[in-house]
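The opening residue of the sequence shown carries number 13 in this note's numbering; numbering runs sequentially from there. Report on the structure given below.
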Amino acid sequence: MLISSFELLLKPRLPKALPPGIPVTIEKPSRNIIQGYCLKISNLNAFEIVLSLVFDTQLSDGITHHDFLAFFDVSGSGDRGVISADITETQLQFSSLRIPPLSTGHFFLQPNVLTKSDLLTRLDFEVRGFAEVYLSSLSGESTDVKIQVTPEQRGTFFSDFSNENSILKDSLDQIAYSLPVLNGGLVTLNRAGKTLDRPESKILSLCV
């Protein structure tokens, strides 16, 4: 089931080579951005469900699974667990995401700035595509599984993350915008992961 598009960024907001005639001082407001993909999934059923998230994309040469950082949390404590993906040239797949009955899971995917310092040095990371959700076979024989998906892009603008002093002095700004989804994000899945209903309307859904 298609959820939404996504875009992961770690790069300057303006190109390094500016057109002729633009003052050099324009580089000052042109800060860098790290942008991730936020997805909340609510289990509307009276039983536990197990889901798989698939991100379809075309990865550039040199990008590996080490360049991505993903978190998944259902406790609401804020102590999000890092999860790993199965990755190919065209897909990232996160499997066995368990959500208890009548609970909400919070998934977040971003460039891996925690252990891949070279990404901050290069500042040329850009990956985009679309996200899908499937009902895992680990959910048993359950059918007509209803979930609510609420996707959002979240980003932080910064000047320099190369050292602690720069981070403390930097004036950080954030951006967040919702992504269009079908049927307000209300999805019904069967065991094969396909939707049982195909609504025509599209509205904006907000992940907060």
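Note that the Cβ used here is the ideal one computed from N, Cα and C, for glycine as well. Predicted, not measured: the structure shown is a model, and the values here were computed from it.
Using DSSP with H/G/I as helix, E/B as strand and the rest coil, what is residue i?
i, result
"Asp172", "coil"
"Asn55", "strand"
"Ser151", "helix"
"Thr100", "coil"
"Thr162", "strand"
"Glu19", "strand"
"Leu304", "Outside the shown range of the chain, which is 13 to 220, sits residue 304, and nothing can be said about it."
"Ser190", "strand"
"Leu135", "coil"
"Glu212", "With a pLDDT of 36 at Glu212, under the threshold of 50, the modelled position of this residue cannot be trusted; read the value that follows with caution. If DSSP states are grouped into helix, strand and coil, Glu212 belongs with coil."
"Asp85", "strand"
"Asp73", "coil"
Nearest by alpha-carbon distance to residue i: which of the options is it?
i, options, result
"Leu121", "Arg25, Asn44 and Phe67", "Phe67"
"Val62", "Val193, Ile159 and Tyr189", "Ile159"
"Leu71", "Tyr146, Arg140 and Val145", "Arg140"
"Val145", "Gly33, Asn44 and Asn55", "Asn55"
"Leu150", "Gln186, Thr168, Arg110 and Asp156", "Arg110"
"Gly88", "Val199, Gly117 and Phe142", "Gly117"
"Leu26", "Phe169, His77 and Gly197", "Phe169"
"Leu106", "Asp156, Leu132, Thr133 and Leu65", "Correcting the residue identity first, residue 106 is Phe in this sequence and not Leu. Checking every option, the nearest Cα to that of Phe106 belongs to Leu65."
"Val86", "Leu191, Ser115, Phe18 and Thr69", "Ser115"
"Thr102", "Phe142, Ile187 and Gln186", "Phe142"
"Ser154", "Asn202, Leu20 and Asp136", "Asn202"
"Leu21", "Ile75, Pro31 and Met13", "Ile75"
"Ile46", "Ile187, Thr200 and Ser108", "Ile187"
"Asp73", "Leu194, Phe137 and Thr200", "Phe137"
"Leu104", "Met13, Thr69 and Tyr189", "Thr69"
Measure the beta-carbon distance from residue i to residue j and round it to whole angstroms, keeping in mind my assumption that it falls under 8 Å.
i, j, result
"Pro112", "Ala58", "About 10 Å separates the two Cβ atoms, so there is no contact after all."
"Ser129", "Arg43", "The Cβ separation is near 19 Å, so there is no contact."
"Ile95", "His77", "Not really, about 11 Å apart at Cβ, beyond 8 Å."
"Leu131", "Pro24", "Not a contact, Cβ separation roughly 13 Å."
Tell me, which residues are paired with residue i by DSSP?
i, result
"Glu60", "According to DSSP, which records beta bridges pairwise, Glu60 is partnered with nothing at all."
"Arg110", "Val62"
"His78", "Answer is none; His78 lacks a bridge partner."
"Thr200", "Lys158"
"Arg140", "Glu19"
"Pro123", "Phe80"
"Gln47", "Leu21 and Gly167"
"Leu14", "Glu144"
"Gly117", "Ile53"
"Asp185", "Phe169"
Check whether the region 49-59 and the region 164-174 are in contact - that is, three or more C-beta pairs closer than 8 Å.
yes
Do the region 74-83 and the region 120-138 meet, that is, are 3 or more Cβ pairs less than 8 Å apart?
yes
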